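Residue numbers (UniProt numbering), protein chains in the order written: chain A, 1 to 256; chain B, 1 to 116. Note that CB positions come from ideal geometry on N, CA and C, so glycine has one too. Keep in mind the model is a prediction, meaning the values are calculated, not measured. Comments concern the structure below.
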Amino acid sequence: MAQTTTLQPTAASTLDAPRTGNWDGGNEPFKASYGKLMMWFFLLSDAFTFGAFLTTYGMIRHKHEVFTGEASAFHFSTKWWPIPDHVFNAFPGMGHANVPLGFVALMTMILIFSSVTMVLAVEAGHRMDKKDVQKWLLWTILFGTIFLLSQAWEWGHFIRGHEEGTLMADGTVFHGANLSMNQYGPVLFADLFFFITGFHGTHVLSGVCLLVWCFIATTNGTFEKRGHYEMVEKIGLYWHFVDLVWVFVFTFFYLV
Amino acid sequence: MSAPAATDNAFTGEIAKPNTAGIWKIFFVLVAITAVEFAVTFAMEAQSVRTLRNSILIGLTILKAFFIVGEFMHLKHETKGLIWTILVPSVLLVWLLVALVTEGSFIGETLSNMFS
Chain A
1 MAQTTTLQPT AASTLDAPRT GNWDGGNEPF KASYGKLMMW FFLLSDAFTF
51 GAFLTTYGMI RHKHEVFTGE ASAFHFSTKW WPIPDHVFNA FPGMGHANVP
101 LGFVALMTMI LIFSSVTMVL AVEAGHRMDK KDVQKWLLWT ILFGTIFLLS
151 QAWEWGHFIR GHEEGTLMAD GTVFHGANLS MNQYGPVLFA DLFFFITGFH
201 GTHVLSGVCL LVWCFIATTN GTFEKRGHYE MVEKIGLYWH FVDLVWVFVF
251 TFFYLV
Chain B
1 MSAPAATDNA FTGEIAKPNT AGIWKIFFVL VAITAVEFAV TFAMEAQSVR
51 TLRNSILIGL TILKAFFIVG EFMHLKHETK GLIWTILVPS VLLVWLLVAL
101 VTEGSFIGET LSNMFS
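So this is what it looks like as structure tokens:
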């Protein structure tokens, strides 16, 4: 592509002609640039990290007992794994109203929407439309930040706990959660919540930092001078991956 | 797709009109799948249909992943080699997940029957 004007001396004989076979180098078997390919491989390795987290979650969850009664009769106990919609049922500004998974659903929508604005930024980059790239990057940064703040609220609520709390083995009522005790169920439930959503949140935070840097570089005209907006595409790949991880966390941690 | 070759001069050409109908279509598909997931979670709370419900949820999640990776991350339109390079190791992850979840059930059973 666009490399028709390379300064190569005309070959005197076929022996001098550059070798162009599959294994002679100089070609792109995947038709993807170095940077994009490396981003894909990084994301694959990151998928293994999150895969390890979710596998750990699945194994530990299946090791514990399941609550076998009616869903409406469910109560927290360290005996069995909690039903997620009884744990995550609060919504900011609605006090003690029971909104099972309502806030998580909103967070999911926000992240999916930020993914769409990211694709729109990449699309604008293909058209070399600096203004549109800036606009959609800003929207993506905004939604990413809102997601992070939502997660902070979610953590705060999880740590402070529900009003009723849970009677612990030593006779005291315990509210909320920390790494060694929680009111919702087995100790590892809260640990896995902190580690999995925390690790995902760290990824979102890195993503927002990259996007802010990308916005500054776009504004400075760095990509315009370079002649392409491939950096937006590469950061876009990372951002979609973070959204993808959330899709799996949403299903395995909150729904099933 | 390879990157456009770098040019020395700043871009000065016409800016094309945005073509985003396809992107918004994928967005609405993702929102619809999420809504269905949500409905299924609350419509099938009984213990007897748990396995069926979880299978549906996991199926829908994989469908969502297909749209995000295929369309948003553009993998569907890359070369076959790149598609397989990403997919094959990911399938091994699913194997690991299934194997260790089964293992977890056995460990739980063994621990709870240890003294009986």
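Could you check what DSSP says for residue i in three-state terms: helix, strand or coil?
i, result
"A:Val66", "coil"
"B:Ala6", "Bear in mind that a pLDDT of 47 at B:Ala6, under 50, signals an unreliable position, so the model cannot answer this."
"B:Leu82", "helix"
"A:Asn178", "coil"
"A:Val173", "strand"
"B:Trp95", "helix"
"A:Thr55", "helix"
Using 8 Å for Cβ pairs, my map puts residue i next to residue j. What's the rounded Cβ distance?
i, j, result
"A:Glu233", "A:Val133", "Contact flag wrong, Cβ pair sits at about 11 Å."
"B:Ile68", "A:Val247", "7 Å"
"B:Ile86", "A:Trp40", "6 Å"
"A:Ile235", "A:Leu255", "With 8 Å as the limit, A:Ile235 and A:Leu255 do not qualify as a contact, their Cβ atoms being about 29 Å apart."
"A:Leu141", "A:Val208", "Strictly speaking, residue 141 of chain A in this sequence is Ile, with Leu absent from that position. The Cβ separation is near 6 Å, so the contact holds."
So with Cβ pairs under 8 Å, would you call residue i a contact of chain A?
i, result
"B:Leu100", "yes"
"B:Ala21", "no"
"B:Val31", "yes"
"B:Ala39", "no"
"B:Thr34", "yes"
Let me confirm a value: residue i is counted as buried when at least 16 other C-beta atoms fall within 10 Å, else exposed. Which label applies?
i, result
"A:Asn182", "buried"
"A:Met107", "buried"
"A:Leu149", "exposed"
"B:Ile15", "exposed"
"A:Cys214", "buried"
"A:Ile60", "buried"
"A:Ala17", "exposed"
Would you verify that the beta carbon of residue i is, or is not, closer than 8 Å to some beta carbon of chain B?
i, result
"A:Leu244", "yes"
"A:Ser115", "yes"
"A:His203", "no"
"A:Met109", "yes"
"A:Val87", "no"
"A:Val187", "no"
"A:Phe248", "yes"
"A:Leu255", "yes"
Output the boundary residues of the alpha helix (DSSP H) element that contains residue i.
i, result
"A:His126", "Gly102 to His126"
"A:Met231", "Glu230 to Val249"
"A:Gln151", "Lys130 to Arg160"
"A:Ala217", "Val187 to Thr219"
"B:Ile33", "Ala21 to Ala43"
"A:Asp85", "Pro84 to Val87"
"B:Gly59", "Arg50 to Phe67"
Fill in: Members of the stretch 54-71 of chain B that neighbour chain C once the beta carbon cut-off is set at 7 Å
Of the chains in the structure shown, none is chain C; the protein chains are A and B.
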